[in-house]
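Trainee: Attaching a single structure in structure tokens format; questions to follow.
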């Protein structure tokens with residue numbers, strides 16, 4: 232705990248997150264944004280509205296006023312609420328998106344790793360270039376369910392969490408029955424993604440997809456000669 236608290240304090244110091252900065256961020260209002268609906272890439276013109284699913288009800292940022300989790304009335308020094316701010320603004324960003332997103336992306340958000348690894352996003356940028364809505368521009372994280380909600384709303388969240396549970400269970404069983412290096416690493420990656428799931432979704436991260444593919448290739452090449460015994 233001493234190392235964690237000391238490390239956190241040093242990190243905050245080097246990032247210049249003093250009490251004045253924290254107070255400014257904490258009381259900052261949401262910024263006004265404009266939505267880009269048409270994106271171009273050379274001769275390819277894609278209307279984003281033709282690719283995404285409209286919501287049943289259109290919200291505006293005015294609907295969000297007064298609903299921010301972070302706007303509590305605190306009496307203690309702001310530096311003591313730094314960790315709370317990361318959590319609260321994480322919630323606020325997601326809540327803000329519920330009101331700002333007027334169309335679902337029909338799976339394009341979650342499929343970003345596929346578009347990135349295959350290079351499709353360079354030819355059809357509208358598939359991955361979506362308006363970014365953050366309640367506070369200094370805290371830009373969103374919960375792991377953000378991409379799933381952006382794809383299909385509440386239904387997307389339910390289906391995505393079913394997938395995450397199935398995948399975690401499969402990896403756990405495989406690691407328990409097959410003590411290979413790859414099985415242990417896959418299990419570690421799954422725990423890593425779930426550990427930080429509150430702040431981001433590595434399931435929609437192209438880098439994580441690259442790691443999984445790389446591990447699979449290495450495992451296929453060396454599995455006949457390297458194995459960990461219980």
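In the numbering used here, the protein residues as written are 232 to 461. For glycine and all other residues, C-beta sits at the position ideal for the given N, C-alpha and C.
(1) For a test of the three-state rule: what should DSSP assign to residue 334, helix, strand or coil?
(2) Leaving out the 5 sequence neighbours to the left and right, which residues in its chain are closer than 6 Å to residue 435 when beta-carbon positions are compared?
(3) If I'm right that residue 335 touches residue 384 with Cβ under 8 Å, what's the distance once you round it to whole angstroms?
(4) Examine the Cβ distances between the stretch 420 to 433 and the stretch 368 to 376 and report whether three or more of them are shorter than 8 Å.
(5) For a test of the three-state rule: what should DSSP assign to residue 249, helix, strand or coil?
(6) Given this structure, state the Cα-to-Cα distance separating residue 309 from residue 254, to the nearest angstrom.
(7) Applying the 10 Å Cβ sphere with the 16-neighbour rule, what's the burial state of residue 389?
(8) Can you tell which of 313, 324 and 376 has its C-alpha closest to the C-alpha of residue 338?
(9) If we ignore side chains and look at the alpha-carbon of each, how far apart do residue 240 and residue 250 end up?
(10) On a CA-only basis, which of 380, 242 and 345 is nearest residue 333? Give me that one, please.
(11) Less than 8 Å between C-beta atoms, sequence neighbours within five positions excluded: which residues of the same chain meet that for residue 282?
(12) Going along the chain, which unbroken runs of the alpha helix (DSSP H) with 4 or more residues stay wholly within the stretch 342 to 423?
(13) Can you grab the Cα-Cα spacing for the pair residue 363 / residue 398, in whole Å?
(14) In this structure, does DSSP put residue 436 in helix, strand or coil?
(15) Would residue 423 and residue 446 qualify as a contact pair, given that the criterion is a beta-carbon distance under 9 Å?
(16) Quick one: is residue 328 buried, meaning 16 or more other Cβ sit within 10 Å of its Cβ, or exposed?
Mentor: Here's the rundown:
(1) strand
(2) 341, 343 and 378
(3) 6 Å
(4) yes
(5) coil
(6) 6 Å
(7) exposed
(8) 376
(9) 12 Å
(10) 380
(11) Any reading at residue 282 must be qualified, since the residue scores a pLDDT of 49, below 50, and its modelled position is unreliable; the value itself is stated next. 336, 337, 339, 357 and 358, listed in sequence order.
(12) 343 to 349, 351 to 354, 377 to 383 and 385 to 408
(13) 28 Å
(14) coil
(15) no
(16) buried
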